[in-house]
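Input: a single structure, listed below in structure tokens.
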Amino acid sequence: MGTSRNVERRTILKVAGASAATIGLGATTACGGDSGSGDGTVTLRYAWWGGEPRTIAIKKSIALFEKKYPKIKIKPEFTDYEAFWEKFQTQASGGNPPDVFQNAVGFLRKYDKRGVLMDLKSQADAGNLSLENFRNGVLANGQVDGKQIGIPVGANTMALVIDLKAFKKAGVEAKFGWTWDEYFDALQTIQDKLKIAGDTGYFSIMYLYDLYLRQNGKAFFTDSDLGFTEDDLTQWWEDGYKRVRSGLVADPKKIEQVKPKSGLSAGLAASEFTWDNFSIRYEGEGESDYGLAPIPTTDGKETGQYLGSLMMSAFSGTKHPKEVAQFISFMVHDPEVGKIMGYDRGILATTEQYDAFKPTDANNKGVAAYEDEVAKAGVLGKITPHPSGADVIEAAFLRIGGEVAQGKTKPADAAKALFSEAKAAFAG
Amino acid sequence: MTLVKEAPVRPAGKRSAAPAAGRRGRRRENLAGYLFMSPWIAGFLLLTAGPMIASLYYAFTSYNLFTPPQWVGLDNFTTMFQDPRWQKSVEVTLKYVVVATPLKLLLALGVALLLAQKRRGQGLYRAAFYMPSLIGASVSVGFVWRALFSDDAVVDRTQKIFGVDVGGWIGNPDYVLYSLVALSIWQFGAPMVIFLAGLKQVPQELYEAAEVDGAGPLRRFWNITLPMISPVLFFNVLLESIHAFQVFGSAYVVSDTRCGPADATLVYTCYLYQKGFKEAQMGFASAMAWTLVIAVALVTAVLFWSQKKWVHYEEAAK
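So the sequence lines, in the order shown, correspond to chains A and B.
Here the first sequence stands for residues 178 to 605, where the numbers follow my numbering.
Here the second sequence stands for residues 3 to 320, where the numbers follow my numbering.
Given below as structure tokens:
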């Protein structure tokens with residue numbers, strides 16, 4: 178090499194230094210999880226999924242909270258729905274989930290079974306969290322086996338969002354208590370008169386099939402299994418595929434390509450089943466006017482509906498259970514937060530927030546009126562926490578329903594596939 | 003080399019000072035070398051070798067990330083072979099490899115032949131053709147591709163001019179995979195550069211001699227160019243096939259994270275990802291990963307075996 182010994186020694190030292198620095202860097206990163214500090218300030222990680230308007234509103238609410246509780250800092254983490262649960266799963270399995278996070282009914286049992294969720298009852302008993310003033314019994318949505326593992330922030334229910342102009346032009350009316358036959362007749366009229374499909378693809382939506390099953394005395398899930406038979410589902414998908422072929426339901430190939438826009442706001446169909454609070458986005462997306470219509474029924478009365486909700490849950494292993502409870506309590510009860518959040522996550526769950534927010538635009542008003550009407554009709558059933566594996570089954574239902582719609586799988590084979598995948602999901 | 007030279011000089015039973023100092027120097031040099039390499043070695047052990055060994059173990063367990071892995075023997079493999087979605091993913095991947103790899107190499111070779119000729123602005127052309135390979139793997143290109151091949155978008159409209167109406171490739175299970183193939187072909191830059199290097203090595207005398215003998219351009223290509231660049235062709239076939247087996251990003255983005263519609267773009271790694279990260283079946287996913295490793299190794303072995311028949315190495319190479 179022709180270098181002197183001194184240089185070599187220096188080289189070695191430098192290399193050693195660089196290596197040590199690399200390792201040191203790793204160590205610094207590893208320290209990032211520390212959430213306490215010398216002056217008694219506590220930092221909590223709060224994670225949610227959703228679009229930009231939700232993120233802006235939540236950040237405003239956080240600022241309000243930090244002002245009121247100067248010793249607690251909130252570190253926000255947010256992504257879209259799919260990415261949220263993938264990330265959460267990895268974080269939770271590594272024992273490092275966020276202290277507080279958004280949750281939904283399909284995930285409660287799953288993460289309760291894995292010991293990730295904190296029973297917030299003890300914090301309520303300690304006076305750090307109020308479980309009072311929840312509307313229409315929605316607090317029960319966060320209860321599993323006697324534990325309170327989720328605190329609802331809003332309530333929503335399934336609805337039929339319709340293109341008001343299309344319905345009017347075709348001269349069809351969506352009435353409360355209408356039957357499925359009447360609904361499909363209406364779609365036929367729309368197709369005949371306006372030459373567009375009536376529906377965007379109802380039969381792949383797990384939550385709608387759940388309502389249909391409830392109308393017939395069953396449900397999608399029991400406590401630990403599916404609540405229907407392969408024959409039930411074969412029939413449901415056979416009818417659905419028939420309607421795709423006749424053009425009553427929009428061409429799935431087209432629906433697929435307008436995503437993330439919905440088939441309804443893209444003008445491919447005149448109606449779509451979805452959660453009522455989702456309807457707010459259609460106005461911005463599409464060119465028509467949109468309104469909420471009742472769920473069709475089997476007997477002219479029961480819609481099978483219930484109030485679902487988004488919730489806030491806490492990590493069972495958090496170092497700051499008291500602060501976590503204070504934060505959740507603030508977010509679900511504070512009237513100012515209610516005003517900021519509006520109906521983005523469903524109709525506000527507590528009376529304090531519900532009374533504080535007075536919707537001024539037609540969409541928010543429409544959602545409120547719709548839920549009022551559903552509640553008054555006295556048709557609301559009870560929601561049951563889904564068994565562990567429900568999230569995987571919901572994705573499979575959407576995917577396999579899509580294969581049926583595309584004509585790639587026969588309904589009977591599709592039903593068989595769903596049951597086989599469900600079995601694996603429950604076991605996982 | 004120096005070792006062999008030094009050995010006979012050293013007097014038996016007695017060590018001279020000079021070689022001893024040399025050995026110490028070498029040892030220092032080696033030590034410095036290892037120290038320089040240590041971040042890489044640490045990274046390799048921690049981030050590659052460790053996880054690989056762990057995943058080999060997990061392949062024989064049922065592991066949902068939360069509860070400790072349970073040994074299940076070959077269960078994951080037997081379930082996997084019977085799983086219709088796994089079979090579908092193998093089918094989709096093979097289709098992709100078989101269609102995308104040759105087309106990509108054909109285009110790469112074609113363009114390389116054009117760019118091998120001397121002309122003005124050669125560097126610019128080369129850079130322009132290589133560019134897609136630099137950005138091709140990015141997520142944003144996946145989105146652009148989705149937009150290009152959707153209903154009523156550029157590709158669809160162009161097709162309609164020629165009277166072909168499929169209503170966009172992205173939503174159509176029969177076509178969507180070919181949009182991924184197109185994306186792969188578009189990134190032909192890397193094999194093109196390698197072909198270019200190969201073409202430059204072909205001795206001009208051969209072409210001159212062939213021309214004297216009256217061989218036309220096609221014959222010259224077939225009898226001189228192709229045999230002469232066959233080692234480079236072999237290298238490209240090998241590399242591109244391995245890459246094609248591992249396709250993930252484009253399938254995941256173009257099909258809006260679901261590898262569909264109707265599982266039409268459910269390439270192997272996409273299903274592996276779904277099993278591991280969406281369904282938390284890490285044991286199954288590990289079994290899938292190792293099956294892929296073995297499959298790719300087999301394909302590589304077959305390619306190496308076949309090269310005796312078609313790859314021409316110059317005997318007299320210096």
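For glycine and all other residues, C-beta sits at the position ideal for the given N, C-alpha and C.
The structure presented is a predicted model; accordingly, all values stated were derived computationally and were not measured.
Counted as a single uninterrupted DSSP element, the stretch harbouring A/Phe-405 is not any alpha helix (DSSP H), since DSSP gives it neither H nor E.
Per DSSP, the unbroken alpha helix (DSSP H) holding B/Leu-300 starts and ends at 284-312. Restricted to the segment 312-377 of chain A, the beta strand (DSSP E) segments that are unbroken, complete and at least 3 residues in length are 335-340 and 374-376, listed in chain order. Closer than 7 angstroms to the CB of B/Gly-125 there is not a single CB belonging to chain A. By a beta-carbon distance limit of 8 angstroms, B/Pro-175 contacts A/Gln-583. Their separation comes to about 5 angstroms. If you check the CB distance, B/Leu-274 and B/Ala-287 come in under 7 angstroms.
Cα atoms of A/Lys-587 and A/Val-581: separation of roughly 6 angstroms, rounded to the nearest angstrom. As the crow flies, the alpha-carbon of A/Thr-377 is around 54 angstroms from that of B/Gln-309. If you look at A/Tyr-467, you'll find it in the beta strand (DSSP E) that goes 467-470. Neighbours of A/Ala-594 across chain B, judged by C-beta separation under 8 angstroms: Pro-86.
Residue state for A/Val-277 is assigned as strand, using DSSP reduced to three classes.
Considering only A/His-497, A/Ala-594, A/Pro-564 and A/Tyr-531, the residue with the shortest C-alpha distance to A/Gly-217 is A/His-497. Neighbours of B/Ala-264 across chain A, judged by C-beta separation under 7 angstroms: Gly-579, Glu-580, Gln-583 and Lys-585.
Considering only A/Ile-373, A/Leu-371, A/Leu-390 and A/Lys-372, the residue with the shortest C-alpha distance to A/Phe-380 is A/Leu-390. Relative to the Cα of A/Ser-401, the nearest Cα in the group A/Lys-245, A/Val-219, A/Ser-490 and A/Val-321 belongs to A/Val-321. Within chain A, the C-beta atoms nearer than 7 angstroms to that of B/Asn-174 come from Lys-430, in chain order.
The segment 246-262 of chain B makes contact with the segment 92-108 of chain B; the number of CB pairs closer than 8 angstroms reaches 3 or more.
A/Trp-225 sits in a strand when the DSSP states are folded into three classes.
The DSSP-derived three-state label of B/Gln-89 is helix. The three-state secondary structure of A/Ala-526, taken from DSSP, is coil. Of all C-beta pairs linking the segment 480-494 of chain A to the segment 318-333 of chain A, three or more are shorter than 8 angstroms, placing the two stretches in contact. With distances taken between CA atoms, A/Ser-270 lies nearest to B/Gln-283 out of B/Gln-203, B/Ile-137 and B/Gln-283. Minimum Cα-Cα distance from B/Val-255 among the listed residues A/Lys-431, A/Pro-437 and A/Lys-430 corresponds to A/Pro-437. Contact annotation: in the segment 245-260 of chain B, residues whose CB is within less than 8 angstroms of a CB in chain A are Asp-258, Thr-259 and Arg-260. Below the 7 angstroms Cβ cutoff, chain B contributes no neighbours of A/Val-421, its closest Cβ being approximately 13 angstroms away. Segment contact: the segment 100-117 of chain B against the segment 187-196 of chain B, three or more CB-CB distances shorter than 8 angstroms; contact assigned. Partner residues in the beta bridge of A/Ser-490, as assigned by DSSP, are A/Phe-278. Listed in chain order, the positions of the segment 441-475 of chain A with a beta carbon within less than 7 angstroms of a beta carbon of chain B would be empty, since no residue qualifies.
Counting only residues of its own chain and dropping the five nearest sequence neighbours on each side, A/Ala-303 has a CB closer than 8 angstroms to the CB of Lys-499 and Ala-502. Residue pairing from DSSP places A/Lys-252 in a beta bridge opposite A/Arg-222. A Cβ-Cβ contact shorter than 7 angstroms links B/Ala-289 with B/Phe-79. Under the Cβ distance rule, A/Gln-530 does not count among the residues neighbouring chain B, no pair being separated by less than 7 angstroms. Counting along the chain, A/Ala-269 sits inside the alpha helix (DSSP H) bounded by residues 258-270. The beta carbon of A/Asp-521 sits closer than 8 angstroms to the beta carbons of Gly-227, Pro-230, Arg-231, Ala-234, Gly-331, Asn-454 and Ile-457 from its chain, once the five residues preceding and following it are set aside; these are given in chain order. For the pair B/Gly-285 and B/Leu-48, the Cα-to-Cα distance works out to about 20 angstroms. Assignment of B/Trp-147 by DSSP, reduced to helix, strand and coil, places it in the helix class.
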